[in-house]
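Asks: Can you keep this structure in mind? I'll have questions shortly.
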Amino acid sequence: MFHHDGERAVAAAAAKYGTMFGVSSLGTTSLEEARRISSGPQVYQFYFHKDRGLNREMMARAKQAGVEAMMLTVDSITGGNRERDKRTGFAIPFRLNVAGVSQFAIKPAWAFNYFRGGPFRLPQLENHVDMGRGAMSISHYFTEMLDPSLDWDDVAAMVREWGGQFCLKGVMSAADAQRAAEIGCTGVVVSNHGGRQLDGSRSAFDQLAEVVDAAGDRLDVLMDGGVQRGTHVLKALSLGAKAVGVGRYYLFPLAAAGQAGVELALELMRHELERDMRLMGCASIAQLRPGNLRFRARTPG
Ligand SMILES: Cc1cc2nc3c(=O)[nH]c(=O)nc-3n(C[C@H](O)[C@H](O)[C@H](O)COP(=O)(O)O)c2cc1C
């Protein structure tokens, strides 16, 4: 919905910059097609559905496509209260309402490409979500299709069935990171879903250090949420993250300029990283340590 080339543009830009790319269960490009475009390591973001057959089918497909890492999102087993979506009537695919028509009118090139692009598809969920039957709100998908009873036993079973790199996305506490390691996960993403789910949730940055501590060398710890600058990446890596993820940092340039926009975002980030590391006196990523950072003293009380 951001751009008519969708994940194809993002996969191509990621491949060019040698960075990892994640395909969502709700992606509009099939993971097989994304795989063909991007030769780099690929993560498959997975939601846990009530339909266990669908879960098994999706995992088998990902294996077949040669996905390197399975990533189960655990912070969205029900929809967040997205009031702006309710106000605008946001649904997938877009529904034409009064607010929507005026938005389309001020972005004619985008609107032209969107409508020229053929029927809206969710290829990861093909045969399970019938887009022909009309628009679906995100909250409807979360409520109707995802399983809110997802528990540690379900995850452990998935980890066994997958048999490779398995990462939990949306872990925000040391206790959950420890549990993830105990059931055989190989990574966690410290994330509050970009602040889109639980209002008042702490930020991923705030939780990163304690999760890194709890993980030790049993898990790779990644983080996302609010990463928009080279210095943000350096802070996360200094706190012990192996990598960071970005959402809106590439989505907005994608909307503005497609693949070229995502490439420019990655180019800027690389320059910032290199310049900032020089300015910090760090010659390698290995030199990024908590000692590089100054922590604000906790306010008593
Ligand atoms: C438009 C949009 C769609 C998203 N879709 C998914 C998704 O399908 N699965 C998922 O695990 N996270 C999804 N996320 C959350 C991101 O994976 C990520 O956690 C978040 O965007 C990080 O924050 P940032 O946007 O500040 O970088 C989405 C985020 C945005 C903005």
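Residue numbers (this note's numbering): 1392 to 1692. Quick reminder that beta carbons are idealized off the backbone N, C-alpha and C, glycines included.
1. In chain order, what residues of the same chain have a beta carbon less than 7 angstroms from the beta carbon of Glu1552, not counting five sequence neighbours either side?
2. Figure out for me which residue from Leu1655, Gly1508 and Phe1533 has the closest Cα to the Cα of Gly1471.
3. What is the DSSP secondary structure of Gly1617, reduced to helix, strand or coil?
4. Identify the continuous beta strand (DSSP E) that holds Phe1557 and give its terminal residues.
5. Which class does Thr1534 belong to by DSSP, given the choice of helix, strand or coil?
6. Quick one: any contact between the region 1661 to 1668 and the region 1611 to 1628, if contact means 3 or more CB pairs under 8 angstroms?
7. Ordered along the chain, which non-local residues of its own chain (more than five positions away) have a Cβ less than 6 angstroms from that of Leu1684?
8. Do you know whose CA, among Phe1643, Glu1658, Met1563 and Pro1644, lies nearest Leu1613's CA?
9. Is any heavy atom in ligand 1 found nearer than 8 angstroms to the beta carbon of His1440?
10. On the CB-based measure, 16 or more other CB atoms within 10 Å of its CB, does Val1419 come out buried or exposed?
11. Please determine, among Val1635, Gly1636 and Ala1656, the residue with the shortest C-alpha to C-alpha distance to Leu1645.
12. When we look at the beta-carbon of Phe1557 and count the other beta-carbons within 10 Å, is it buried (16 or more) or exposed?
13. Let's test the definition: count the other Cβ atoms within 10 Å of the Cβ of Ser1493 and tell me whether it reaches 16, buried, or not, exposed.
14. Quick check: is any heavy atom of ligand 1 less than 8 angstroms from the C-beta of Arg1639?
15. Pull up the CB-CB distance for Phe1437 and Leu1541, whole angstroms please, since I reckon it's below 8 angstroms.
16. If you count every other CB in all the chains shown that lies within 10 Å of the CB of Gln1455, and 16 or more means buried, which is it?
17. Can you give me the C-alpha to C-alpha distance between His1584 and Ala1674, rounded to a whole angstrom?
18. In the region 1420 to 1492, which residue ranges form an unbroken beta strand (DSSP E) of at least 3 residues, counting only runs that do not cross its ends?
19. Report, in whole angstroms, the separation of the C-beta atoms of Asp1396 and Gly1649, which I expect to be a contact under 8 angstroms.
20. Counting only runs that start and end within the region 1495 to 1519, where is the alpha helix (DSSP H) found for 4 or more residues in a row?
Replies: Concretely, from the data shown:
1. Met1450
2. Phe1533
3. Coil at Gly1617, not helix or strand.
4. Counting along the chain, the beta strand (DSSP E) containing Phe1557 begins and ends at Gln1556 to Val1562.
5. helix
6. yes
7. Ser1629
8. Met1563
9. no
10. Contrary to the premise, residue 1419 reads as Thr rather than Val in this sequence. With 16 or more Cβ atoms within 10 Å of its Cβ, Thr1419 is classed as buried.
11. Ala1656
12. buried
13. exposed
14. yes
15. Contact flag wrong, Cβ pair sits at about 11 angstroms.
16. exposed
17. 32 angstroms
18. 1433 to 1437 and 1460 to 1464
19. About 5 angstroms separates the CB atoms of Asp1396 and Gly1649; that is less than 8 angstroms, so the two are in contact.
20. DSSP runs (the alpha helix (DSSP H)) wholly in the region 1495 to 1519: 1499 to 1507.
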